[in-house]
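Student: Residue numbers (this note's numbering): 51 to 350.
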């Protein structure tokens with residue numbers, strides 16, 4: 051991931067101590083440590099992770115981060131360890147949040163319950179907010195690592211990034227499959243697919259969510275033979291591709307500076323992935339235009 055020896059040393063320093071740090075987290079009995087331990091110490095079996103999360107959601111029934119991640123894992127699992135009662139209990143922690151409504155719909159699609167999924171998708175498209183609790187995820191893991199004795203330095207920041215990178219991603223496959231096979235003779239369902247795609251695009255849930263929204267939207271617009279809409283979708287896709295390229299370039303600059311890295315992580319906590327990338331892209335452009343600043347300089 052990193053090529054600079056200064057950064058590599060920090061990563062190696064963390065790697066050498068990570069086992070003892072993770073063991074310390076397991077021994078902590080704080081709420082943050084117990085939750086973070088489930089995220090950090092993932093099992094080979096997703097079903098075991100689900101059971102552990104379900105126990106914690108019953109211990110901390112109002113914790114929205116736990117509820118979302120339980121629903122996320124259930125929509126990824128093919129086993130019968132999850133059921134509608136478990137999913138509804140998790141949804142009830144934040145039933146106006148589009149992110150949870152979407153996970154419910156994906157779980158129902160995976161269970162071949164199309165009618166219930168249509169209802170959940172309709173509720174998703176009318177939801178007023180979308181929050182995958184990425185900021186809570188970052189801050190919970192960060193605090194647990196500090197409580198376990200990890201120094202508040204770059205090694206810790208890399209640990210948080212590494213753990214966050216292993217987080218399960220939303221399984222859009224059942225939704226994509228449903229909308230792909232739905233044609234104009236099923237106008238109600240096709241319209242739900244279109245409205246769902248538009249909601250995904252505007253949700254700012256993350257790059258994957260945005261990309262899935264654009265892909266689904268293109269598929270539906272092509273079925274409607276909407277050439278103008280397809281052209282607008284292509285422009286939006288091009289803009290997202292450019293955004294991805296600029297984000298990769300900006301991250302190279304961010305990770306050369308301790309201050310920028312710490313600030314980028316705080317932006318993820320406060321504004322999510324898309325908001326954090328938007329800011330660092332803007333900062334990278336400003337730095338590049340400033341002849342008195344070297345954007346490639348390393349400052350740790």
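Note that the Cβ used here is the ideal one computed from N, Cα and C, for glycine as well.
How do the region 135-147 and the region 109-124 stand: do at least 3 beta-carbon pairs fall below 8 Å, yes or no?
Tutor: Touching, yes, given that three or more Cβ pairs across the two stretches are closer than 8 Å.
Student: Answer yes or no: do residue 180 and residue 149 have a C-beta to C-beta separation smaller than 8 Å?
Tutor: In this structure, residue 149 lies closer than 8 Å to residue 180 by Cβ.
Student: I'd like to know whether the C-beta atoms of residue 100 and residue 132 end up nearer to each other than 8 Å.
Tutor: Going by C-beta atoms, residue 100 is nearer than 8 Å to residue 132.
Student: Going by the CB atoms, is the gap between residue 175 and residue 249 shorter than 8 Å?
Tutor: A contact, by the Cβ cut-off of 8 Å.
Student: Could you tell me the distance, in whole angstroms, from the CA atom of residue 152 to the CA atom of residue 98?
Tutor: One C-alpha to the other measures close to 23 Å.
Student: Whole angstroms are fine: how far does the CA of residue 102 sit from the CA of residue 69?
Tutor: Near 20 Å, if we compare the C-alpha coordinates of residue 102 and residue 69.
Student: Which of helix, strand or coil does DSSP assign to residue 161?
Tutor: In the structure shown, residue 161 sits in coil (DSSP, three-state: anything other than H, G, I, E or B).
Student: Where does residue 348 land, buried or exposed, given buried means 16+ other C-beta within 10 angstroms?
Tutor: With fewer than 16 Cβ atoms within 10 Å of its Cβ, residue 348 is classed as exposed.
Student: Excluding the 5 residues flanking residue 71 on each side, which residues of the same chain have their C-beta closer than 7 Å to its C-beta?
Tutor: So the list reads 195, 198, 199, 200, once near-sequence residues are dropped.
Student: When you compare only the Cα positions, how much space is there between residue 326 and residue 182?
Tutor: Those two C-alpha atoms are separated by around 15 Å.
Student: Take residue 218 and list the residues in its own chain whose beta-carbon comes closer than 7 Å to its own, dropping the five residues that flank it on each side.
Tutor: Excluding residues within five positions, the ones whose Cβ falls inside 7 Å are 122, 123, 126.
Student: How big is the Cα-Cα spacing for residue 295 and residue 79?
Tutor: The alpha-carbon atoms of residue 295 and residue 79 are separated by roughly 42 Å.
Student: Report the partner residues of residue 307 according to the DSSP bridge assignment.
Tutor: Answer is 349, bridged to residue 307.
Student: Could you tell me which residues DSSP pairs with residue 147 in its beta bridges?
Tutor: According to DSSP, which records beta bridges pairwise, residue 147 is partnered with 179.
Student: Looking at the structure shown, is residue 256 part of a helix, part of a strand, or coil, going by DSSP?
Tutor: If DSSP states are grouped into helix, strand and coil, residue 256 belongs with coil.
Student: Are residue 251 and residue 172 close, meaning C-beta to C-beta below 8 Å?
Tutor: Not in contact: residue 251 and residue 172 (Cβ atoms no closer than 8 Å).
Student: Tell me which residues share the same chain as residue 346 and place their Cβ nearer than 7 Å to its Cβ, disregarding the 5 neighbours each side in the sequence.
Tutor: Excluding positions up to five away in sequence, the list reads 306.
Student: Residue 212 to residue 128, Cα distance in whole Å?
Tutor: For residue 212 and residue 128, the distance between alpha carbons rounds to 26 Å.
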